[in-house]
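A quick write-up on the structure given underneath.
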Amino acid sequence: MTFLRAMRNKSVAFSGCLILGSLGLCARPVEAQIAKVVDDSGRSFFINANPQPIKIAPVTKTHANIYLPGEISFTGRAHPAVDMNRDGVEKIVREAADRFRVDPALVRAVIETESNWNPKAYSHKGAGGLMQLIPTTAQRYGAYDVFDPQQNIAAGVKYLRTLLERYHGNLDLALAAYNAGEGAVDRAHGVPSIRETRDYVQKVQNAYFRPGSGRMPDAFVNPHAIHRAVTREGRIIFTND
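Under our numbering, the first residue of the sequence shown carries the number 1235, and numbering increases by one thereafter.
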């Protein structure tokens, strides 16, 4: 692993406190800082500036199967039955997280809060699937069957990545927008004063920062950072590809 040389950027204060109560409520907020760092190859990362050491316990337990019978989704498209265990969903999470450069632990925290790992979850607001996508968001990010775990997670992670970029790595704002929409966050110039949204932001952060969550320091990788590369001919070039 390369050593990161820290370049402190504009810090962002987390408003959540960690793991206090089953509803994620707390008496006093605990602040954490997000800082921008650049590794030896020039890639930029957004990390928790003062992380506590976390021991990542290996996953050894066997997960129960997740079964989704064939039916018509709310988009009107028929889909076959899906029978996979939790490890199968974990594989999809890791692949989508790697593709869109989002910490898989954050994706797991969102799924846990949104649907509690139920691929058939459906809310009264019309959101469905593991990452609870509404039809317009689902189709915008390529999920035409929100009850299909692969489509749902791929679209949900892509949307989460878009929000992290839009709000410059501010996890509070990105999660608030995931719950209440970008418009609500923009109008409030911050996390909207909606109880459901504030509780949601805290619950996701509690799950994300929970010891043993597997949280990585490079939670949000900037895909447009300029980095140094060496061609086959030995030439040194700088690129943002």
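Think of the CB as a built atom: it goes at the ideal place given N, C-alpha and C, for glycine as much as any other residue.
| message | Using a 10 Å radius around the Cβ and a threshold of 16 neighbouring Cβ atoms, would you call Ser1427 buried or exposed? | response | exposed
| Which two residues bound the contiguous alpha helix (DSSP H) that contains Pro1369? | 1369-1374
| field | 7 Å CB neighbourhood of Arg1432 in its chain, flanking five on each side removed | value | Val1425
| query | How would you write the range of the alpha helix (DSSP H) that Pro1338 sits in, first residue to last? | reply | 1338-1349
| Distance between Ala1355 and Arg1320 (C-alpha atoms, nearest Å) | 15 Å
| field | Helix, strand or coil at Tyr1356 according to DSSP, with G and I counted as helix | value | strand
| message | Tell me the rounded alpha-carbon separation between Leu1407 and Tyr1401. | response | 6 Å
| Rounded to a whole number of angstroms, what is the C-alpha to C-alpha distance between Val1341 and Ile1387? | 9 Å
| Spatial distance of Gly1363 from Gly1390 (CA atoms) | 10 Å
| Status (buried if at least 16 other CB within 10 Å, exposed otherwise) for Asn1404 | buried
| field | Cβ pair Ala1331, Gly1448 closer than 7 Å | value | no
| query | Looking only at C-alpha atoms, which of Ala1343, Val1323, Gly1322, Arg1333 sits nearest to Phe1443? | reply | Ala1343
| field | Nonlocal neighbours in the same chain, by C-beta distance under 8 Å from Ser1349, ignoring five residues either side | value | Ala1355, Gly1363, Leu1364, Met1365, Gln1366
| said: Within the continuous alpha helix (DSSP H) that includes Arg1429, where are the two ends? | reply: 1429-1442
| said: Can you give me the C-alpha to C-alpha distance between Ala1411 and Pro1353, rounded to a whole angstrom? | reply: 22 Å
| DSSP beta-bridge partners of Gly1362 | Tyr1356, Leu1367
| What do you reckon, are the CB atoms on Gln1384 and Ile1326 nearer than 7 Å? | yes
| request: Taking only the alpha-carbon atoms, compute the straight-line gap between Lys1437 and Thr1347 and give it to the nearest angstrom. | output: 7 Å
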